[in-house]
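Asker: This is the structure I have questions about; it appears just below.
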Amino acid sequence: MSALAAPNEVVTRALLRQVNVPGLDRPAALITLDNGFDHTKPNTFGPAGLTSLDEAITAALAADPAFIAVTGKPYIFCVGADIVGLPQLADRAQALEIGRLGHRVFARLKDSRVPTFAFVNGAAMGGGLELALHCHYRTLSGGAAALALPEVSLGLVPGWGGTQLLPNLIGIPAATQVIIQNPLMQNKMLKPKQAAELGIADVLLEPADFLERSLEWAAGVVRGQVTVTRPEVDKDMWAGVLYFARQTLDQRLHGAVPAAYKALDLLETAKDGDFAAGTAAEDEALADLVFSEELRSGLYAFDLVQRRAKRPAGAPDKGLARPVTKVGIVGAGLMASQLALLFARRLQVPVVMSDLDQSRVDKGVGYVHTQIEKAVTKGRMDKGTAAKLYGLVSGTVDKNAFADADFVIEAVFEDLGVKKQVWAELEKIVSPEAVLATNTSSLSITEMAAELEHPERVVGFHFFNPVAVLPLLEIVRGERTDDATLATAFAVGRQLKKSSVLVKDAPAFVVNRLLTRFLGTVFAAVDAGTPLDVANSALDPLGLPMRPLALLQLVGPAVAYHVGGTLHAAYPDRFGVSENLKRIADSGQPIVADDKVNEEVAKLLVVGDQPLTAEQVRQNALDALAQEIRLMLDEGVVAEAQDIDLCMILGAGWPFHLGGVTPYLDRTGTSERVTGKRFLPRGAASLPL
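The letter at position 187 of the sequence shown is residue 187 when you use the UniProt record's numbering, and the numbering goes up by one with no holes.
The structure is reproduced here in structure tokens:
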């Protein structure tokens, strides 16, 4: 074990106690995982933690208990391996050893002659969920925050039995979803009800008395009064499901995420049920991936999302934030309606929408009510909460309803004159302390506030669509925005459960500026004569969530043209204006359908006779990103390169295996070639030399 010692490991202890359970002739052994901290620092497994669990299992078996159960500290079961320690592994042999240690300890629960139970009382991810899968039976609390095998999102695979146990428990289609599909969908988590329906848990229990009910249920199983039945796994569909999954990966990732393909191989191994061979294959896969650039980028991205996002760089003292007891929303279109629902759900304060006529207002409020009804129908919201939200959201054509609002956000047409007129009208109505927030995606906050009596209370509050899904919030400080306004904006962002990044008032801020430069470079290649399908597939080796033309269609060609025009006015040497893009916008036709170029749109284009290869298009796009990021950092648009990456991950869905964007630019040598230096120190998101 000395070779595996992790000096910085926060050790999760396995605390053993004997529990007398009614109806049993001898005590049960209850092992509680606890690292000594509250739920904000979850249980994880490093070498010392695994050793502690090993010792607890030995002591439990020695006492000849009625059964052995493993549970966690309040709200947390275990969130898996101590990934902080992974970069400290010196060589492949150490990686193999940590994999084998986890397998050996967990297998003791699977192979035990005494019945074993996992009482999953809270969040269970990665190795924590794999520990539960090794137990003979599982109870699950309805209050568990999240369940997942997220390793593929980081550049790893479930390496402690997950790829072998899960498909043989819940079937290959569901296992493929949990192990591969969900991690690649922005690390989608399972709710307790979903996990129980899939068959991951044998019984779902209420959180209030979860431990007591779990002990009773386990006693019933041991006495033979409770029978656990599980559906038979269909092995005939195994090959077909994996073939389809591999095709899907090829179409989406084009080989860019080695961990996803490794996971597929391991799932294939699981079919024959040779557990020893399967876990040995997991060990080898883990050892290979630990020393990959994708994993180092994934760990860097994970740290950004889990830590930096919770402590925004440059945010003022939160004690300066003013209370928000009522929210006003100018506009009642789709974006405004999404905002109304989000503010009402998270802040639990009155939210009033306004628009030019009553029909628009009614449509906006109607949208909110429809979404609430859908949530109730799908079991995502109880009727009491729904009734409260119905009462909180209202609409009016009279802006005087904003008089007592503490926070007003506009979501009107993206035109500076229109937005300035909105604020000029509202400033005469709201209090001098009320925060005026704009959801502009590209316009200047400073210019918007320039003619107001109190420009210091105007702030950018840029959401990303769909509002309920994408977690990024760009909070933009104008030249005269004061600290109290900014602190209030960050406080509201936290209440909305968004990850906020402080951004300087610069054209298009972060995400839209980079995506516009990126798409503009790709479209410049089209204008030069590159076929649309070549330009569209040129970035495939990166494994981005969308191809360029699909992204353009999602944004909307008209919106992209408008934002491109704003940036062209600011930076004409780097942001061009494509008349072909305007032709596409004017046509109203989709540019792609089923990921294939619309040939009718292609006929509209007027192009040159200097086509580029896919490799040239890709390198031009990467060069443009590197140049733009360096300029943004020099301008102080954000504090550091890490904030650029955080924005691209949370606002544009760029994957963990790229680390957002700057680690990939460093890894490929693009940063140094284009800008003369790396964005990050060597080893920060890459393998050290």
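Ideal Cβ positions, reconstructed from N, Cα and C, are used throughout, including at glycine.
On a predicted model such as this, the values are computed, not experimentally measured, just so you know.
1) Bridge partners of E410, per DSSP?
2) Going by the CB atoms, is the gap between Q164 and G278 shorter than 7 Å?
3) Short check: CB of Y561 to CB of L532, under 7 Å?
4) In whole angstroms, give me the CA-to-CA distance for V203 and V222.
5) From S444, K383, Y367, pick the residue whose C-alpha is nearest to that of A569; which is it?
6) Can you find the residues in the same chain that come closer than 8 Å, C-beta to C-beta, to E635, ignoring five residues on each side of it along the sequence?
7) Considering only C-alpha positions, which residue in the set A195, A201, V305 is nearest to P655?
8) What are the start and end residues of each continuous alpha helix (DSSP H) run of 4 or more residues lying completely inside the segment 255-284, in chain order?
9) Looking at the unbroken beta strand (DSSP E) that takes in residue 691, where does it start and where does it end?
10) So, helix, strand or coil for A678, using DSSP?
11) Considering only the alpha carbon of each residue, which of V19, D643, L16, L266 lies closest to N168?
12) Assuming L452 and E427 form a contact by the criterion Cβ under 8 Å, report the distance between their Cβ atoms to the nearest whole angstrom.
13) Which residues in the same chain have their Cβ closer than 6 Å to the Cβ of N620, if we skip the five residues on either side of it in sequence?
14) Determine, using beta-carbon pairs with one atom in the segment 145-163 and one in the segment 655-673, whether at least three such pairs fall under 8 Å.
15) Which word fits D323, buried or exposed, when buried means at least 16 other C-beta atoms lie within 10 angstroms of its C-beta?
16) For E268, which residues of its own chain have a beta-carbon under 6 Å away from its beta-carbon, when the five flanking residues on both sides are left out?
17) Skipping 5 residues on each side, what residues in its chain have a beta carbon closer than 7 Å to that of G543?
18) Whole angstroms is fine: what's the gap from Q225's alpha carbon to W217's?
19) Ignore the nearest five residues each way along the sequence and tell me which others in M1's own chain have a CB closer than 7 Å to its CB.
20) For the putative contact between V105 and D54, defined by C-beta atoms under 8 Å, what is the C-beta separation to the nearest angstrom?
21) Within 10 Å of its beta-carbon, does K596 have 16 or more other beta-carbons around it, so buried, or fewer, so exposed?
22) Our contact map puts G159 next to G85 with C-beta atoms below 8 Å; I'd like the distance itself, whole angstroms only.
23) By Cβ distance, which residues of its chain are closer than 8 Å to Y75, with the 5 residues on each side in sequence left out?
24) What is the DSSP secondary structure of M632, reduced to helix, strand or coil?
25) Under the assumption that Q371 contacts L341 (Cβ atoms under 8 Å), give the Cβ distance between them as a whole number of angstroms.
26) When we look at the beta-carbon of M185 and count the other beta-carbons within 10 Å, is it buried (16 or more) or exposed?
27) So L665 packs on F679, CB below 8 Å; how close in whole Å?
28) Determine the contact status of C647 and V563, defining contact as a CB-CB distance below 7 Å.
29) Considering only the beta carbon of each residue, do R296 and S686 sit closer than 7 Å?
30) Return helix, strand or coil for V351, following the three-state DSSP convention.
31) Hey, which unbroken runs of the beta strand (DSSP E) at 3 residues or more fall wholly within the segment 161-191?
32) Which class does T521 belong to by DSSP, given the choice of helix, strand or coil?
33) Give the secondary structure of M1 by DSSP, where H, G and I count as helix, E and B as strand, and everything else as coil.
34) Classify V418 as buried or exposed, calling it buried when 16 or more other Cβ atoms lie within 10 Å of its own Cβ.
35) How do the segment 478-497 and the segment 308-317 stand: do at least 3 beta-carbon pairs fall below 8 Å, yes or no?
36) Leaving out five residues before and five after P42 in sequence, what residues of the same chain have Cβ atoms less than 6 Å from its Cβ?
Answerer: Considering the structure as presented:
1) Taking the sequence shown and counting its residues from 1, one reaches residue 410 at position 410. V330, T438, per the DSSP bridge assignment.
2) Mapped onto the sequence shown, residue 278 falls at position 278. Mapped onto the sequence shown, residue 164 falls at position 164. Yes, the Cβ-Cβ distance between G278 and Q164 is below 7 Å.
3) If you number the sequence shown from 1, residue 561 lands on position 561. If you number the sequence shown from 1, residue 532 lands on position 532. In terms of Cβ geometry, Y561 and L532 do not form a close pair [threshold 7 Å].
4) Numbered from 1 along the sequence shown, position 203 holds the residue referred to as residue 203. Numbered from 1 along the sequence shown, position 222 holds the residue referred to as residue 222. Per the coordinates, the alpha-carbon of V203 lies some 15 Å from the alpha-carbon of V222.
5) By 1-based counting over the sequence shown, the position of residue 569 is 569. The closest CA to that of A569, considering only S444, K383, Y367, is found on S444.
6) Reading the sequence shown from its first residue, position 635 is the one you call residue 635. In its chain, beyond the 5 residues on either side, K504, A506 have a beta carbon closer than 8 Å to the beta carbon of E635.
7) Position 655 of the sequence shown, counted from the first residue, corresponds to residue 655. Comparing alpha-carbon positions, the option among A195, A201, V305 lying closest to P655 turns out to be V305.
8) Segments of the alpha helix (DSSP H) lying fully in the segment 255-284: 258-269.
9) This structure leaves residue 691 out entirely; the chain is present only between 1 and 689.
10) Counted from its first residue, the sequence shown places residue 678 at position 678. Going by the sequence as given, residue 678 is Arg instead of Ala. DSSP, read as helix, strand or coil, puts R678 in coil.
11) In the sequence shown, counting from the first residue as 1, residue 168 sits at position 168. It is L266.
12) The residue you call residue 452 lines up with position 452 of the sequence shown. The residue you call residue 427 lines up with position 427 of the sequence shown. Between E427 and L452 the Cβ distance is about 5 Å, and since that is below 8 Å, they are a contact.
13) Residue numbering aside, residue 620 sits at position 620 when the sequence shown is read from its first letter. Cβ within range, chain order: T521.
14) With the cut-off at 8 Å, the segment 145-163 and the segment 655-673 touch.
15) In the sequence shown, residue 323 corresponds to position 323, counting from 1. Checking the sequence shown, residue 323 turns out to be Pro, not Asp. Counting Cβ neighbours within 10 Å, P323 comes out exposed, since fewer than 16 surround it.
16) As a first step, residue 268 must be located in the sequence shown, where it is residue number 268. Cβ-Cβ distances below 6 Å link E268 to L242 in the same chain, with the five nearest sequence neighbours on each side left out; the list follows chain order.
17) As a first step, residue 543 is located in the sequence shown; it is residue number 543 there, counting from the start. Counting only Cβ-Cβ distances below 7 Å, and skipping sequence neighbours, we find L253, H254, A256, V257, P655, H657.
18) The residue labelled residue 225 in the question sits at position 225 within the sequence shown. The residue labelled residue 217 in the question sits at position 217 within the sequence shown. Roughly 9 Å between the two C-alpha positions.
19) Counting from one through the sequence shown, the residue named residue 1 turns up at place 1. Legend: pLDDT at M1 = 39, less than 50; position of this residue unreliable, no value from coordinates given.
20) The residue you call residue 105 lines up with position 105 of the sequence shown. The residue you call residue 54 lines up with position 54 of the sequence shown. At roughly 5 Å, the Cβ-Cβ gap stays under 8 Å, so V105 and D54 are in contact.
21) Here residue 596 corresponds to residue number 596 of the sequence shown, with the count starting at 1. It is exposed - the Cβ of K596 has fewer than 16 other Cβ atoms within 10 Å.
22) Working through the sequence shown from its first residue, we reach residue 159 at position 159. Working through the sequence shown from its first residue, we reach residue 85 at position 85. Their Cβ separation, rounded to whole angstroms, is 14 Å, which puts G159 and G85 out of contact at 8 Å.
23) Reading the sequence shown from its first residue, position 75 is the one you call residue 75. Excluding positions up to five away in sequence, the list reads H39, N121, G122, A123, G143, A145.
24) Within the sequence shown, the letter at position 632 stands for residue 632. Residue state, collapsed to three classes: helix.
25) If you number the sequence shown from 1, residue 371 lands on position 371. If you number the sequence shown from 1, residue 341 lands on position 341. The Cβ separation is near 6 Å, so the contact holds.
26) Taking the sequence shown and counting its residues from 1, the one referred to as residue 185 is at position 185. With fewer than 16 other Cβ atoms within 10 Å, it is exposed.
27) Reading the sequence shown from its first residue, position 665 is the one you call residue 665. Reading the sequence shown from its first residue, position 679 is the one you call residue 679. Going by Cβ atoms, the distance from L665 to F679 rounds to 6 Å, so yes, they are a contact pair.
28) For the purposes of this step, residue 647 is taken as residue 647 along the sequence shown, with counting starting at 1. For the purposes of this step, residue 563 is taken as residue 563 along the sequence shown, with counting starting at 1. Note that the C-beta distance between C647 and V563 is not below 7 Å.
29) Looking up residue 296 in the sequence shown gives position 296. Looking up residue 686 in the sequence shown gives position 686. Yes, they are a contact pair.
30) For the purposes of this step, residue 351 is taken as the residue at position 351 of the sequence shown. Reduced to three states, the DSSP call for V351 is strand.
31) The segment 161-191 contains no whole beta strand (DSSP E) run of 3 or more residues.
32) Position 521 of the sequence shown, counted from the first residue, corresponds to residue 521. Of the three classes helix, strand and coil, the one that applies to T521 here is helix, per DSSP.
33) The residue given as residue 1 occupies position 1 in the sequence shown. Bear in mind that the predicted position of M1 carries a pLDDT of just 39, short of 50, making it unreliable; the figure below should be weighed with that in mind. Residue state, collapsed to three classes: coil.
34) Locating residue 418 in the sequence shown gives position 418, counting from the first residue. Exposed, by the Cβ-count rule.
35) Taking a cut-off of 8 Å for Cβ pairs, the segment 478-497 and the segment 308-317 touch, as three or more such pairs fall below it.
36) Indexing the sequence shown from 1 puts residue 42 at position 42. Taken in chain order, the residues that qualify are I76, V79.
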